[in-house]
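J.: Here the sequence shown is numbered in my numbering, starting from 5 and rising by one per residue.
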Amino acid sequence: MPHLTSTNTRKQGAGLHTGFGIPGFAHPLVAPAEWAELTRPRTAPLHWVVLNVADGPGSRPDPHCLEAAGRLRNAGIRVLGHIDATYGARSFGEMVSDAQRYLDWYKADGFLLDRCPTERTALPEVRRTVTTLRALRDDAHVVLGHGTHPYPGYAESADQLVTFSGPWSDYRWSQVAEWTADYPPDRFCHFVHGLPGPHLDEALRIARWQGAATIYFTDRTDRGGRTDPWETMPGYWDDIVSRIGTGVSE
Numbered sequence: 005m006p007h008l009t010s011t012n013t014r015k016q017g018a019g020l021h022t023g024f025g026i027p028g029f030a031h032p033l034v035a036p037a038e039w040a041e042l043t044r045p046r047t048a049p050l051h052w053v054v055l056n057v058a059d060g061p062g063s064r065p066d067p068h069c070l071e072a073a074g075r076l077r078n079a080g081i082r083v084l085g086h087i088d089a090t091y092g093a094r095s096f097g098e099m100v101s102d103a104q105r106y107l108d109w110y111k112a113d114g115f116l117l118d119r120c121p122t123e124r125t126a127l128p129e130v131r132r133t134v135t136t137l138r139a140l141r142d143d144a145h146v147v148l149g150h151g152t153h154p155y156p157g158y159a160e161s162a163d164q165l166v167t168f169s170g171p172w173s174d175y176r177w178s179q180v181a182e183w184t185a186d187y188p189p190d191r192f193c194h195f196v197h198g199l200p201g202p203h204l205d206e207a208l209r210i211a212r213w214q215g216a217a218t219i220y221f222t223d224r225t226d227r228g229g230r231t232d233p234w235e236t237m238p239g240y241w242d243d244i245v246s247r248i249g250t251g252v253s254e
């Protein structure tokens, strides 16, 4: 197993309750089995599910997404609206408008700011956006989808950060930023695609050692950037649910 962390000794074991964050399945008409599976009783915790209607909330309420979001919320599962920050290129007004539609139409419990910028200079604008999202809904759960380790100040601006999103070929050799040791594991999320089933235990150990409590692993790939690997469930879904539910990752 590769050297995953620096010499920094973090709170690896304390209070780590690994669970799933679903980055966003395909539309419920395209992936009905996936959406139905999320409300089936399970042994592993489901921290939240991202709803991405049409690269955002869409232009009008979608009845199929309304139904899917309603089932999740009735099951006590947090639903996050997908907002594309486009690495800082989207305007503040556009993102707030998206958020308001998610709240009005789907009663979203929070938001994933996908493709969030990572540099220090962009932090004030991201902080302004998050503050406004919480003004729209004061208990909103906000996740910043950087996909890599950002400037440390971002950790003070959101409930969670996605500090890895990418292929297993990169994840298995990844290292954690030292500053993350100042925060508990429930602040960090890892999304890994192209992960073969035989390496599940190794990937779970990496997430644990790097201090990420919210994960999503899949054997689906992005085919060189041509497809979205998160749109369908992994072939080993039942296996990983049972592993997390029985504490195998610990």
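Beta carbons: idealized from backbone N, C-alpha and C, even for Gly.
1) Assign Leu33 to one of two classes, buried (16 or more other C-beta atoms within 10 Å of its C-beta) or exposed (fewer than that).
2) Below 8 Å, can you find three or more Cβ-Cβ pairs linking the stretch 22-33 to the stretch 46-58?
3) Do the CB positions of Asp118 and Gly74 come within less than 8 Å of each other?
4) To the nearest angstrom, how far is the alpha carbon of Asn12 from that of Phe221?
5) Can you list, in chain order, the residues of its chain with a C-beta nearer than 8 Å to that of Lys15? Leave out the 5 residues immediately preceding and following it.
6) Where do the ends of the alpha helix (DSSP H) carrying Ser101 lie?
7) In the structure shown, what three-state DSSP assignment does Asp143 receive?
8) Tell me where the beta strand (DSSP E) around Cys193 begins and ends.
9) Please report how far the alpha carbon of Ala139 lies from the alpha carbon of Trp39, in whole angstroms.
10) Can you tell me the Cα-Cα spacing of Ser246 and Ala48, whole angstroms?
11) Using three-state DSSP, classify His51 as helix, strand or coil.
12) Hey, could you find the ends of the beta strand (DSSP E) Ser169 is sitting in?
13) According to DSSP, what are the bridge partners of Gly25?
14) When the Cα atoms are used, what is the spatial distance from Pro61 to Thr218?
T.: In short:
1) Counting from one through the sequence shown, the residue named residue 33 turns up at place 29. Looking at its Cβ environment, which holds fewer than 16 other Cβ atoms inside 10 Å, Leu33 is exposed.
2) yes
3) Residue mapping note: residue 118 aligns to position 114 of the sequence shown, counting from 1. Residue mapping note: residue 74 aligns to position 70 of the sequence shown, counting from 1. Their beta carbons are not under 8 Å apart, which means Asp118 does not touch Gly74 by this criterion.
4) To locate residue 12, count along the sequence shown from 1; it is residue 8. To locate residue 221, count along the sequence shown from 1; it is residue 217. Caution applies to Asn12, whose pLDDT of 42 falls short of 50 and renders its modelled position unreliable; the model cannot decide the point.
5) As a working mapping, residue 15 is identified with position 11 in the sequence shown. With a pLDDT of only 48 at Lys15, under the threshold of 50, the placement of this residue in the model should not be trusted, and no figure is reported.
6) Position 97 of the sequence shown holds residue 101. Where Ser101 is concerned, the enclosing alpha helix (DSSP H) stretches over 96-110.
7) Residue mapping note: residue 143 aligns to position 139 of the sequence shown, counting from 1. Three-state result, Asp143: coil.
8) Residue 193 sits at position 189 when you count from the first residue of the sequence shown. Per DSSP, Cys193 belongs to the beta strand (DSSP E) from 192-197.
9) The count along the sequence shown starts at 1 and reaches residue 139 at position 135. The count along the sequence shown starts at 1 and reaches residue 39 at position 35. When rounded, the distance between both Cα atoms is 30 Å.
10) For this step, residue 246 is matched to residue 242 along the sequence shown. For this step, residue 48 is matched to residue 44 along the sequence shown. Rounded to whole angstroms, Ser246 to Ala48 spans 7 Å at the Cα level.
11) As a position in the sequence shown, residue 51 is number 47, starting the count at 1. Three-state result, His51: strand.
12) On the sequence shown, residue 169 is found 165 positions in, with the first residue counted as 1. First-last of the beta strand (DSSP E) with Ser169: 164-171.
13) Walking along the sequence shown from the start, residue 25 turns up at place 21. Trp52, per the DSSP bridge assignment.
14) Taking the sequence shown and counting its residues from 1, the one referred to as residue 61 is at position 57. Taking the sequence shown and counting its residues from 1, the one referred to as residue 218 is at position 214. Distance between the alpha carbons of Pro61 and Thr218 is about 24 Å.
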